[in-house]
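S.K.: These protein sequences, in sequence, are chains U and Z. Residue numbers for the first sequence follow numbering that gives the first Met the number 0, beginning at 0 and rising by one. Residue numbers for the second sequence follow numbering that gives the first Met the number 0, beginning at 0 and rising by one. Ideal Cβ positions, reconstructed from N, Cα and C, are used throughout, including at glycine. Quick caveat: nothing in here was measured; it's all calculated off a predicted structure.
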Amino acid sequence: MSVTVEGLTKKFAPGGRPAVHQATFTAPSGAITTLLGPSGSGKTTVLRMIAGLEAADAGTVRLGALDCTRLPVRERGVGVVFQGYALFKHLSVRRNIAFGLEVRRRPKAEIDRRVEELLALVQLEALGDRLPDQLSGGQQQRVAFARALAIEPRVLLLDEPFGALDSRVRVELRTWLAELHRKTHLTTILVTHDQDEALELSQQVVVMNEGRIEQIGSPDEIYDRPATAFVAAFIGNANVLRGTVKEGQAALGAHALGALGSAPEGSAVQAFVRPDEVKLARADPDAPAMSLGLVEALTRIGGFVKVGLRLPSGERLTVELGKAEFEALSVSQGDRVLVDLGGAKIFVEDYSI
Amino acid sequence: MSATGSDAIREPALVRYSAIAVAIAFLGLSVVVPLASVLVQAFGQGAGRFLAALREPETWAAIRLTLLTAAISVPLNTAFGVAAAWLIARYDFRGKGVLTTLIDLPFSISPVIAGLIFVLLFGRQGLFGPLLEAHDVQIIFAVPGIVLATTFVTLPFVAREVLPLMQSQGSNEEEAALTLGASGWQVFFRVTLPKIRFGLVTGVILCNARAMGEFGAVSVVSGHVRGLTNTMPLQVEILYNEYNLVGAFSVASLLTLLAMVTLVAKKLLERSKAVRR
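1. Using 10 angstroms around the beta-carbon of Leu46 of chain U, count the other beta-carbons present and answer buried if the total reaches 16, otherwise exposed.
2. Taking the alpha carbon of Arg141 of chain U as the reference point, which residue from U:Val154, U:Arg153, U:Gly127, U:Pro152 has its own alpha carbon closest?
3. For a cutoff of 7 Å on Cβ pairs, would you count Glu160 of chain Z as touching chain U?
4. The beta strand (DSSP E) that contains Phe187 of chain Z, what's its start and end?
5. May I ask you to verify whether the segment 180 to 196 of chain U touches the segment 22 to 38 of chain U, counting CB pairs closer than 8 Å and requiring at least 3?
6. Would you kindly report the start and end of the unbroken beta strand (DSSP E) that includes Asn354 of chain U?
7. Can you give me the Cβ contacts of Val72 of chain U inside the same chain, cut-off strictly under 7 Å, excluding the 5 residues immediately before and after it?
8. Counting C-beta neighbours from all protein chains within 10 Å, is the total for Tyr90 of chain Z 16 or more, i.e. buried, or is it exposed?
9. Mind checking which residues open and close the beta strand (DSSP E) that includes Gln214 of chain U?
10. Using the beta-carbon of each residue, which ones in chain U are nearer than 7 Å to Gln185 of chain Z?
11. Are the beta-carbon atoms of Pro131 of chain U and Gln139 of chain U separated by less than 7 Å?
12. Flag this pair as touching only if the segment 56 to 71 of chain U and the segment 152 to 167 of chain Z have three or more C-beta atom pairs under 8 Å; answer yes or no.
13. Where DSSP assigns a beta bridge to Ile188 of chain U, which residues make up the other side?
14. Listing by chain order, which chain Z residues have their CB less than 8 Å from the CB of Phe98 of chain U?
15. In whole angstroms, what is the alpha-carbon distance linking Ser72 of chain Z and Leu147 of chain Z?
16. With a cut-off of 8 Å, do at least 3 Cβ pairs link the segment 197 to 214 of chain Z to the segment 134 to 143 of chain Z?
17. Can you round the beta-carbon distance between Leu148 of chain U and Phe161 of chain U to whole angstroms, since I take them to be within the 8 Å contact cut?
18. Can you tell me the Cβ-Cβ gap for Ser40 of chain U and Glu209 of chain U, rounded? I've got them flagged as a contact below 8 Å.
19. In the DSSP output, which residue or residues are listed as bridge partners for Gly292 of chain U?
20. If we cut at 7 Å on Cβ distances, does Lys10 of chain U have a partner in chain Z?
21. Count Cβ pairs between the segment 68 to 88 of chain U and the segment 168 to 187 of chain Z that sit closer than 8 Å; are there 3 or more?
22. Of all the beta strand (DSSP E) runs that stay within the bounds of the segment 75 to 125 of chain U, which reach a length of 3 or more residues?
23. Identify the continuous beta strand (DSSP E) that holds Ala250 of chain U and give its terminal residues.
24. Which residue from Z:Val250, Z:Arg9, Z:Val203, Z:Gly183 puts its Cα closest to that of Leu262 of chain Z?
25. When burial is assigned at 16 or more other CB atoms within 10 Å of the CB, is Phe24 of chain U buried or exposed?
26. For Val347 of chain U, which option in U:Leu251, U:Val330, U:Glu101 has the closest C-alpha, if you only look at C-alpha atoms?
27. Here's the rule I'm using: 16 or more other beta-carbon atoms within 10 Å means buried, otherwise exposed. How should Pro56 of chain Z be labelled?
28. To the nearest angstrom, how far is the alpha carbon of Ile234 of chain U from that of Leu310 of chain U?
29. Along chain Z, in chain order, which residues have C-beta atoms closer than 8 Å to that of Gly83 of chain U?
30. Terminal residues of the continuous alpha helix (DSSP H) containing Gln139 of chain U?
See the structure below:
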C-alpha cells in the first residue's frame, strides 16, 4: 500500500520555524523509501505525522486511497519501530510480540501461532521468554520489528532503527532488513541520517533539510545528480569550493569548470566534489582544467589513503585514493600535484531568480 | 566497584569506626530507646492488660475509625495522584506550574492550619456552615471532616512518588502501544501502570502510614467525641492525659507496629525491584 503525504506542515513553537514545511511525496507500494537528512531536518516529525503520533498543522496523509489525516493512531494500522526500541520492559519477548494481538482480543491459539512464526522470522526462537533487558541491542531491535509486524501493518515505519547500535551490528542488521523486506514486501518508510543506509537499502530517497524536502529520487539519482547545493554537499561528504561565474564557466582559482549557459557574470558559485571524484596526477603543465595542489597531509585508512591538499586559493581539499592508485602516484608530504576537479557539481547561488 | 566504594575514597580505620560508633549511639538514643520504651510500657504489665486495653470500646472505635479514614483517603489520593502525575508528565497546558506547586502545598502547610481551613469552610460559623446546617449535614466534629482533613494532608504522597518516575520514563512505550492498536485504557493498564508500579506502591504505603498517623489536622476537625470522632492518635493523647499509661502505650505500640510494617514493606519492595534489575 502506497503512502502519500501532501503539503504536510508542522510547527512546534508558535511563530518559530516550522519543523516540517509543505512536505509532499509518495512512498510507492512495496518499496523502501528513506527520509534522509541531518538531525533537526524534520524527517522524524514527518514519520510521526504519518504514524499519527503527531498531528499535522496542514496537509494530508493517505494510506493507499484512504485519507487518514484525522484517523487516530490505533486505527491507522501502521507498524512503527522506534529509535530506542520502546519495548515493554516488564513483558517477555513473547508477550511484547503478542501485545498488538492481545489488545485486539485475538484467540489465544492464533496469537501463540503467530508469535512463534514471528520469533522464527527474526531468528529469536530461543529467547522468547527473556525480558528485553536481557537481550543485546541488535536482538532488542529485532523484537521491535517482530512486534510491529505482528499486527500485519499496512506500512512499516522505521525511525532510525539502527541508530543506537555499534557499526558492525548496524551493517549486519541492514543486510537483515533488506532480506526481511524481500520476504514481506511491505511498504516501508525509513528515517535515517546515515547516507550509506539510505543508499544501500532504499528504492527511493527523500532528502530533507531544515523542514523542507530538497530532492526526491532513486539512490543513484541522488548521488549522481544532486538537485540542490545542500544535497551535493550532504551526500558523499563533498568538498566545497567557492568561486564566481566567468565567461559562462565557474572560475575556482585556476580551475574553470562546467558550462553554466546564461548565468550572470560575476555571480557566486559553489562547486561540490567528493573525495573519491578528484583525480590527482604528477605535475603535467599541459593538461586542461587543472592546477597545482600542495600535499599537506597523508593518512592511510585501511585500503585507501586520505590526501589533504591545499589549493592555490588557500582552500583545502580532501581526496581519497585507493592504495594501488596512491602507490602509482607516489607523492609525499610537501609535493605538488595536478588536481582534476572534473567530477564537481556546480551550483550558481541565487540563480533561480 | 563494590557498594562500599573503592580503596581510594576509604577513610582510615580509626575514623571509620568512631564515625560508625557515633552514628549508632545517636540512632540508639533518638530512635531505638524511645521505640523500645513504647513497647515496654505497653507490654510491661503483661500481654493480657495490653489486649484488654485494646478491647476498650472507645479504643476499639478509634481503631475502626482510623481504618475507615485510611480506606477512604488512600484510594482517593491514589487515583488523584496518578491522574495528576499523568497530566503533568504527559501534557503541556496553562497552569501546569501552578498545579505542580498546589500538589506540594499540603506538605508545606502546618497540619493544624490544614484542619482550621475545613473548620472555616464547613464549621457552624464557616462559609458553608449555614447551608450545611439547613440540610442537617455535619462535617466538622464528624467523620466526613476527619476524612477530608486526612485526605488533604496526605494528598501529595502518591503524586510525588509517581510524577518523577513518569517524567524520567517518557512516553515511548505508550506511543508504541498506541501504534499497536491499544486503547487509552489498555495503554494505561498494560503499559503505564506496570512501568510506575514500584513508585505507586511506595506512594500508597507512605500515604497510608500518614493517613493513619495524622494528628494535627484531624485533632482540629474531630471535636474529640469519644467513641465517635477519635482516631488512634487522638485516642493515644486522651488516654495519656488520663494517666491510663497502659492504654495509651497499647494504642501507641499498635501505631508503631504499623509504622514498622510500613517500612519493612517498603524495604522488601525496593529489594524485589533491585533483584529484577
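M.R.: Checking against the coordinates, here is how it stands:
1. For the purposes of this step, residue 46 of chain U is taken as residue 47 along the first sequence, with counting starting at 1. Buried.
2. Translated into positions along the first sequence, residue 141 of chain U becomes position 142. Nearest C-alpha to Arg141 of chain U: U:Gly127.
3. Stepping through the second sequence from its first residue, residue 160 of chain Z is reached at position 161. False, the Cβ-Cβ gap to chain U never drops below 7 Å.
4. Mapped onto the second sequence, residue 187 of chain Z falls at position 188. It is not in any beta strand (DSSP E) - Phe187 of chain Z carries neither H nor E in the DSSP assignment.
5. yes
6. Residue 354 of chain U lies beyond the range of chain U shown here (0 to 352); nothing can be said about it.
7. Residue 72 of chain U sits at position 73 when you count from the first residue of the first sequence. Closer than 7 Å at Cβ, skipping near neighbours: Ala50, Gly51, Leu52.
8. For this step, residue 90 of chain Z is matched to residue 91 along the second sequence. By the 10 Å Cβ count, Tyr90 of chain Z comes out exposed.
9. Taking the first residue of the first sequence as position 1, residue 214 of chain U is located at position 215. Run containing Gln214 of chain U: 211 to 216, per the beta strand (DSSP E) assignment.
10. Locating residue 185 of chain Z in the second sequence gives position 186, counting from the first residue. Result: Val102.
11. If you number the first sequence from 1, residue 131 of chain U lands on position 132. If you number the first sequence from 1, residue 139 of chain U lands on position 140. Cβ distance < 7 Å, so Pro131 of chain U and Gln139 of chain U count as in contact.
12. no
13. Numbered from its first residue, the first sequence carries residue 188 of chain U at position 189. In DSSP, Ile188 of chain U forms a bridge with U:Thr32, U:Leu156.
14. Here residue 98 of chain U refers to the residue found at position 99 when the first sequence is read from its first residue. Those within 8 Å of Phe98 of chain U in chain Z are Ala176, Leu179, Ala181, Arg189.
15. The count along the second sequence starts at 1 and reaches residue 72 of chain Z at position 73. The count along the second sequence starts at 1 and reaches residue 147 of chain Z at position 148. Each residue's alpha carbon lies about 8 Å from the other.
16. no
17. One-based indexing of the first sequence puts residue 148 of chain U at position 149. One-based indexing of the first sequence puts residue 161 of chain U at position 162. The Cβ separation is near 17 Å, so there is no contact.
18. As a first step, residue 40 of chain U is located in the first sequence; it is residue number 41 there, counting from the start. As a first step, residue 209 of chain U is located in the first sequence; it is residue number 210 there, counting from the start. That belief holds up - the Cβ atoms of Ser40 of chain U and Glu209 of chain U are roughly 6 Å apart, short of 8 Å.
19. To locate residue 292 of chain U, count along the first sequence from 1; it is residue 293. The partner list for Gly292 of chain U (beta bridge, DSSP) reads U:Val336.
20. As a first step, residue 10 of chain U must be located in the first sequence, where it is residue number 11. It does not; no Cβ of chain Z falls within 7 Å.
21. yes
22. 77 to 80
23. Translated into the one-based positions of the first sequence, residue 250 of chain U becomes position 251. Where Ala250 of chain U is concerned, the enclosing beta strand (DSSP E) stretches over 248 to 251.
24. The sequence position of residue 262 of chain Z within the second sequence is 263, counting from 1. The residue with the shortest Cα to Cα distance from Leu262 of chain Z is Z:Val203.
25. On the first sequence, position 25 is the one that residue 24 of chain U refers to. Buried, by the Cβ-count rule.
26. If you number the first sequence from 1, residue 347 of chain U lands on position 348. Measuring from the Cα of Val347 of chain U, the nearest candidate turns out to be U:Leu251.
27. What you label residue 56 of chain Z is simply residue 57 of the second sequence in a count that begins at 1. The residue is exposed, with fewer than 16 neighbouring Cβ atoms inside 10 Å.
28. Taking the first residue of the first sequence as 1, we reach residue 234 of chain U at position 235. Taking the first residue of the first sequence as 1, we reach residue 310 of chain U at position 311. Each residue's Cα considered, the two are about 23 Å apart.
29. Residue 83 of chain U sits at position 84 when you count from the first residue of the first sequence. Chain Z residues near Gly83 of chain U: Asn171.
30. Working through the first sequence from its first residue, we reach residue 139 of chain U at position 140. Here the alpha helix (DSSP H) through Gln139 of chain U covers 136 to 149.
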